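What follows is a single structure, written as structure tokens, with notes after it.
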Amino acid sequence: MYIGKRRNVPLQIRVIFYDKDNAESHDLKDFSDLEPLLSQADGRKKWIDIIGICHTDVLDKLGKLFGIHPLILEDIANTEQRPKFEEFDHYLFMTVKELSYQASAAILFERQISLVLGSDYVISFQEESSPLIEEGRNRLVSGATRRQEKGPDYLAYRIIDSVVDQYFDIIEKIADNIEDLEEKMIQDLSGKPMRSFMRMRRLLSVLLHSVFPLRESLSRIEKRDSHIISQEILPFFRDVYDHSVHIMESVENQRDILGGIMDVYLSYQNNKMNAVMKVLTIIATIFMPLSFVASVYGMNFKNIPELNWPYGYLYFWIVIVCSVSLMLYFFRKKKWL
Amino acid sequence: MYIGKRRNVPLQIRVIFYDKDNAESHDLKDFSDLEPLLSQADGRKKWIDIIGICHTDVLDKLGKLFGIHPLILEDIANTEQRPKFEEFDHYLFMTVKELSYQASAAILFERQISLVLGSDYVISFQEESSPLIEEGRNRLVSGATRRQEKGPDYLAYRIIDSVVDQYFDIIEKIADNIEDLEEKMIQDLSGKPMRSFMRMRRLLSVLLHSVFPLRESLSRIEKRDSHIISQEILPFFRDVYDHSVHIMESVENQRDILGGIMDVYLSYQNNKMNAVMKVLTIIATIFMPLSFVASVYGMNFKNIPELNWPYGYLYFWIVIVCSVSLMLYFFRKKKWL
Amino acid sequence: MYIGKRRNVPLQIRVIFYDKDNAESHDLKDFSDLEPLLSQADGRKKWIDIIGICHTDVLDKLGKLFGIHPLILEDIANTEQRPKFEEFDHYLFMTVKELSYQASAAILFERQISLVLGSDYVISFQEESSPLIEEGRNRLVSGATRRQEKGPDYLAYRIIDSVVDQYFDIIEKIADNIEDLEEKMIQDLSGKPMRSFMRMRRLLSVLLHSVFPLRESLSRIEKRDSHIISQEILPFFRDVYDHSVHIMESVENQRDILGGIMDVYLSYQNNKMNAVMKVLTIIATIFMPLSFVASVYGMNFKNIPELNWPYGYLYFWIVIVCSVSLMLYFFRKKKWL
Amino acid sequence: MYIGKRRNVPLQIRVIFYDKDNAESHDLKDFSDLEPLLSQADGRKKWIDIIGICHTDVLDKLGKLFGIHPLILEDIANTEQRPKFEEFDHYLFMTVKELSYQASAAILFERQISLVLGSDYVISFQEESSPLIEEGRNRLVSGATRRQEKGPDYLAYRIIDSVVDQYFDIIEKIADNIEDLEEKMIQDLSGKPMRSFMRMRRLLSVLLHSVFPLRESLSRIEKRDSHIISQEILPFFRDVYDHSVHIMESVENQRDILGGIMDVYLSYQNNKMNAVMKVLTIIATIFMPLSFVASVYGMNFKNIPELNWPYGYLYFWIVIVCSVSLMLYFFRKKKWL
Amino acid sequence: MYIGKRRNVPLQIRVIFYDKDNAESHDLKDFSDLEPLLSQADGRKKWIDIIGICHTDVLDKLGKLFGIHPLILEDIANTEQRPKFEEFDHYLFMTVKELSYQASAAILFERQISLVLGSDYVISFQEESSPLIEEGRNRLVSGATRRQEKGPDYLAYRIIDSVVDQYFDIIEKIADNIEDLEEKMIQDLSGKPMRSFMRMRRLLSVLLHSVFPLRESLSRIEKRDSHIISQEILPFFRDVYDHSVHIMESVENQRDILGGIMDVYLSYQNNKMNAVMKVLTIIATIFMPLSFVASVYGMNFKNIPELNWPYGYLYFWIVIVCSVSLMLYFFRKKKWL
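Residue numbers (the numbering used here), protein chains in the order written: chain A, 1 to 337; chain B, 1001 to 1337; chain C, 2001 to 2337; chain D, 3001 to 3337; chain E, 4001 to 4337.
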């Protein structure tokens, strides 16, 4: 799993001015173009989308432009950042982890998305271009969003909501993987499936560590009274909060299932051993005495009366067959067969 | 187990007007009939029962009619919804999961019931027709409910209470199943009972995830001061709350019992192995030395004095019998026999 | 264990009027005698003791007489009730579980005792006649209680205190049982002791589920300011609360000990297996090579030089004895012997 | 471990009057001497030390003299008491458990010390004479305490602090024992070390149950505003509180270590079994086929061509040596050797 | 791991006066030089750095000079101190544990750093010279810190922050070690890797016990309103707090991973045993019957017809080969081969 490596993503700055009726998109080549452009906003709401958070100089300049605290800028640039929420007088800050799951290799990819939400603007910072934000952007530009009249707070909600929705997808896929593995593991008692389960457990762990602080943040948003998020939009955030709680419960549930599966697996291994040992014991119990009897009559004592009986060999076989039958009966009674 | 698939249930709208003395039931064919009908309520209390939440257009219209928040409508339509409680100025919203248990196949079925509770009406939304609500409706229409003078808040309590009562039934059945399995598992050490126990654990988990948020909701109802639930009815909700706590403890208890059973099972498997190994060891310990002795006298050395003794063969058997007796004594002393 | 079956206990109503100096006991035949009798109380404190809670009609009438909420009456009649505490304006309600332990069969019996405590009366409801209450009654009537001047709140405390004291006895007995079992289990590795331990764990669980809600109730009594329990008596309730906390810790402690014992047991089973396997391996390691050598000289090759040596047989035994000694030395060095 | 047996300790009453400069000690023969003595206090601070809490009549009289609540007197006399803290208008009450550890036998001894702290006096009740208090007393009398000008609250702090310090010693000794055992356990896989570890776990449990309620008490002392403990002395109590938290963390830590050791132990037992099984399997895999081959040439068929080959016996040995070499190679490749 | 031994470190006193533009460093030979030196501060901020906390006389004098509570001085001198935070009127006190990790030997070294933070000074106490503080000092003296205009509160933040940053490094190294071990453990089923994992678990435990109280302290700093830490600096402390939470989650995560690895390891050991047992069983199942058959024809009965068949020996081999093939087929079908 990728965690925290700083990827060198080329800088992209994209600005969207939008109001109830229209949305106007600008792709900037250079940061210096931003300030003149913003002066053309004309009271429209602004969405500034920055791709490539490794360009710290740009972050610094943007920070100065919008009055963002230097520590926040550090948080934006640091991809090992734990999801967090900070409230300031004139803006809110939030980071979330976008996760994408490659089911075939059981790998989770992490992309950090940070949001700075002001009263009439939202700035999004992407570690690298995220399809989720791309889609939201397209919908806004194409006018597919009915609620365009709503402010940047609604926009922020949409972004967070789509991230959380993706968590649902991921946990569902992981649950499917676990179910698949559960079926297969019965066939393979070599201990290898345990490693796959361990992998699943780690993925759940990553998911939990992404969603747990997010839930915390959302709970704080819900409780505090910030003028930046309007009363009308608050229920939407409460809704995402509920979803995050739901995800956490699902993760816990899946972990619980994994724990149970491991117990079953151990029990199967034990049972396999029992089965193997039974075969061995049955074979040994039958053939050791027989071999002994055969050895006895292979002895070279001068005077072994049985050897001279005319039907000695026949009697020998009769004794053998009887004792084997007896043993088989005994094993059957003991439910070993 | 069915979770979250949208079933295509034909729409039914049923309206009951009732007061202290009478109850009048109407089955509507079409949503457009609802508004005119409601104008005939004449101050009587209203219970509007919607079956088939997949008809989102109806939900939308109803939402507009009663001023229900769009997010709540989404929650009603989403059967993967976690049970929740929301408080608004002029109505309360609550979803619960009705569960029914098919003991033979150890399957739980889930049906979502949502309630919108206003000061003089209650709207119930059923995923598909639930016998619980059917029964409550019949009782109300037939006048079997003594407390008909009570308002929609009491009606809502009755519905939630019957759902919770069913949880009690289910947990009792699961407990019975677990007890049955516990008896059977001693006979079958193949690891298969473990899977049955796992199944039980998952059922308990589903139950827990239905009742836990319900308990939370009820606790919030109890604490807040809503004008929609009257002081007189509050103790009833507190009572359901107590029941939900009781159920959670029972689930925890059953999980604990399951955990203990698995420990016992593992211990039994170990013991079985011990028993098998003991048999093998006894057999080998007895017959390996005997076979060796027999082999010795099967050797073809020119000069083996014993072979020429007149009673050599007899002596041989005496030695064999003595040593076997000795070993058996030894095993008995070691408590292997 | 008996839980929740409604036993058909004949109704008994017993009324005691008492003040500082005297106590006067009346056994009533019929409920209709109660009201006239109560009018003779003359300002004395009243203890009304009802045995047999299956007589719901009596409960209903009593409820009307003393103004008890219908839900409380339901709680009194329902023996599957979780212990609870409810506060009303003019009375307090509390249920506790009296437990009695039959150590020989490791069975817990449960009897529900409910108390309705008013400012000058206490009503006790017994599922069936409890020796604890019987004893308290005798003491009161015979004047053995020094604190007779104290009110019904003290009486209620005494009843609850004696129930809690019995929990101490029970947990001590269970601890003794566990200790006994711990000694025995070393002898019996068949997995059967595990079931006994499981039984103990369930008993502890029952105890916990009786004392946990009781502790909660007592904590609420202590915190709230009810005029029904006087300031003077509050420290007594705090004392019972401390006891209930102590019991919970003891139960947790015993559960912990049980958990540890199970680990030890598993370890003993493993060790037993190791011991058995070692014997097998030693036997096989010694006799398999010997048997092979003996077999070699039992072969019928035309030309086996050793067979014709004059002391071949002697040499054979010398080789055998040497190699066995060597192996024994090797096993001793490996600490297998 | 000794818990709760009432020991018959002869009564000792010792009174110390002290102020900034002097300390004056009196040993009383009889309780009746106490009251006259106290009247000679002359405004000096008083420490009354009672040894032998089984003399309940003395406790009662003392209780009346100082106005101590009867329940508190019961708590003082009851050595099975859970450590607790109670606040009254004119005095504070506290019990702690002095523990002493006999490392050789891994036994903990418990002595209960109760303190009643008034504004100008402290009364200590000892189950039996405790060296800790003896030492504190000597220091006070001999003037070795620099802070003699401080009041009874400081004295109480000193006593509690010395008890808590002893907990540190004990946990350190237990940690040493655990470390010793960990080294030894590798040699002894018989399951016996598990019992020693269990013993350690119980000792930790006793320690935890002594320190946990103490921590609670100290936290309450710190938070409440009692005129009996002066502002100047409060930081000292906060310090003991910190120590108690530290001890609890250490206990948790040691429990965690014990848990880990048990896992390792189980793993070692498993590995031992693996090693034993490997030896067995190697022996069997080598000698079973060899024995078979030897048996074949011991058969008495009329016509076995190999038997008549001139170098048949030599070829036989060549085949044997080759196949053994092959098997050994195979085992080495499989890392069994 | 080194814990709590008092090392005899020679005393060093280093004073830095600094303001926005300059920093002036003084190395003192003797404590008596300190007071005169401080009088030359001229309103500049002061950082007094004491190395060697075993010199309690110096601590005492310093305590008097700055009015530090005696208990705090004890805390500074006691290296077994749990990290803590105390707030006083004119200064704040904090201890942290600097940890350094020697990955090769898997050893953690602990150094205690205490800080006394006043409004215009910070005093740092080092158990022995720490590279972290050395570096911070160099940066300050050389003017490499841009934020020199900030006060002692910022300085204190820098020190704590660098300690916490080192925790991140350590946990990352431990995580690497765990990953390495996980790879290796598959090869070595002797139980030895378990001990390494145990060691890792203990290291994580030490880390947790260092960071947990630190997090608590930081949370209290953030919440309280102390005039000593300015509003401007508070966000920095909140940032360290976030880091400490992050570390705790990482530790929990690593512990979880360790737990999972142990499960996998146990499962691998079980599987290994299964594999060994299968080989044994296959060998025994094939050769025991064969040996029996060979023994039969080694018997010396007078009349064994098969022995006289002309192709008896050939038939024997045909039977042998067929039955071996059959068994191999059977084993393959059972997936044992």
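In this text, a Cβ means the ideal position worked out from N, Cα and C, and glycines have one as well. Owing to the predicted nature of the structure, the values given are computational and were not obtained by experimental measurement.
Within 8 Å (strictly less), CB to CB, does Y2 of chain A reach chain B? With a pLDDT of 37 at Y2 of chain A, under the threshold of 50, the modelled position of this residue cannot be trusted, and the question is left open.
If you measure between the beta carbons of V1164 of chain B and I1247 of chain B, is that distance less than 8 Å? yes
Below 7 Å between beta carbons is the criterion; list the residues of the stretch 271-286 of chain A that meet it against any residue of chain B, in chain order. N271, M273, N274, M277, K278, L280, T281, A284, T285
Quick one: list the residues of chain B neighbouring H2069 of chain C, beta-carbon separation under 9 Å, in chain order. P1235
From this set, B:K1064, B:E1110, B:P1131, which residue's C-alpha is nearest N1078 of chain B's C-alpha? B:E1110
In this structure, does DSSP put L3983 of chain E in helix, strand or coil? Absent from the structure is residue 3983 of chain E, since the part of chain E shown begins at 4001 and ends at 4337.
In the structure shown, what three-state DSSP assignment does I994 of chain B receive? A question about residue 994 of chain B goes unanswered here, because the residues of chain B that appear run from 1001 up to 1337.
May I have the straight-line CA-CA distance separating L1266 of chain B from E2098 of chain C, to the nearest angstrom? 35 Å
Show which residues of chain A have a CB atom less than 7 Å away from the CB atom of Y1313 of chain B. F301, N303, I304
On the DSSP letters alone, give me the boundaries of the beta strand (DSSP E) that L108 of chain A sits inside. 107-117
Give the straight-line distance between the Cα atoms of R2332 of chain C and S325 of chain A, rounded to the nearest whole angstrom. 40 Å
Which value, in whole angstroms, describes the spacing of the CA atoms of I3340 of chain D and P310 of chain A? What the structure shows of chain D is the stretch from 3001 to 3337, and residue 3340 of chain D is not part of that stretch, so it cannot be assessed.
Pick from B:A1105, B:S1025, B:T1056 that is closest to K1046 of chain B, judged by C-alpha positions: B:S1025
Are the stretch 190-209 of chain A and the stretch 4255-4272 of chain E touching, with three or more C-beta to C-beta distances below 8 Å? yes
Using the beta-carbon count (16 or more within 10 Å), is I4107 of chain E buried or exposed? exposed
Please report the straight-line C-alpha distance between I1076 of chain B and L1115 of chain B, rounded to a whole angstrom. 9 Å
Please report how far the alpha carbon of I3 of chain A lies from the alpha carbon of Q12 of chain A, in whole angstroms. Low per-residue confidence applies at I3 of chain A: pLDDT is 41, beneath 50, and the placement is therefore not dependable, though the value from the model is reported in the following sentence. Each residue's alpha carbon lies about 22 Å from the other.
Between Q3269 of chain D and M4288 of chain E, what straight-line distance do the alpha-carbon atoms span, to the nearest angstrom? 30 Å
Top-ranked residue by Cα proximity to H209 of chain A, from E:L4034, E:M4185, E:I4053, E:N4253: E:N4253
8 Å Cβ cutoff, S32 of chain A in contact with chain E: no
Determine which residues share a DSSP beta bridge with Q1126 of chain B and list them. B:I1051, B:I1113
Hey, out of A:K192, A:D188, A:K29, A:N22, whose CA is closest to A41 of chain A's CA? A:N22
Alpha-carbon spacing of P2193 of chain C relative to F1197 of chain B, whole angstroms: 21 Å
Three-state secondary structure assigned by DSSP to F1301 of chain B: coil
Is DSSP giving I3003 of chain D helix, strand or coil here? Because the pLDDT of I3003 of chain D is 41, which lies under 50, any placement of that residue in the model is unreliable, and the question is left without a value.
Can you tell me where the alpha helix (DSSP H) with I4228 of chain E in it begins and where it stops? That residue, I4228 of chain E, is in no alpha helix (DSSP H); it is neither H nor E in DSSP.
Are there 16 or more other CB atoms within 10 angstroms of the CB of M3001 of chain D, so buried, or fewer, so exposed? Any reading at M3001 of chain D must be qualified, since the residue scores a pLDDT of 38, below 50, and its modelled position is unreliable; no value is offered.
Along the chain, where does the alpha helix (DSSP H) that runs through V211 of chain A open and close? 192-223
Using only CA atoms, which one of B:G1136, B:S1323, B:V1276, B:S1142 lies nearest to Y1157 of chain B? B:G1136
Buried or exposed, going by whether 16 or more other CB atoms sit within 10 Å of the CB of T281 of chain A? buried
In the DSSP assignment, the beta strand (DSSP E) including D2153 of chain C goes from what residue to what residue? Taken as a continuous stretch (DSSP letters only), D2153 of chain C belongs to no beta strand (DSSP E), being part of the alpha helix (DSSP H) at 2152-2185.
Who are the neighbours of Q1112 of chain B on chain A, taking C-beta pairs under 7 Å? Chain A residues near Q1112 of chain B: none, gap ~14 Å exceeds 7 Å.
Local conformation of H4233 of chain E per DSSP, three classes: Looking at the sequence itself, residue 4233 of chain E is Ile, so the reference to His does not match. In this structure, I4233 of chain E counts as coil in the three-state DSSP scheme.
Minimum length 4: unbroken alpha helix (DSSP H) runs contained in the stretch 3269-3294 of chain D: none
Could you tell me whether the Cβ atoms of L4037 of chain E and L4028 of chain E are closer together than 8 Å? yes
If the cut is a Cβ gap below 8 Å, which residues of chain C does A3156 of chain D touch? Near A3156 of chain D there are no residues of chain C at all, since even the closest Cβ is about 21 Å away, more than 8 Å.
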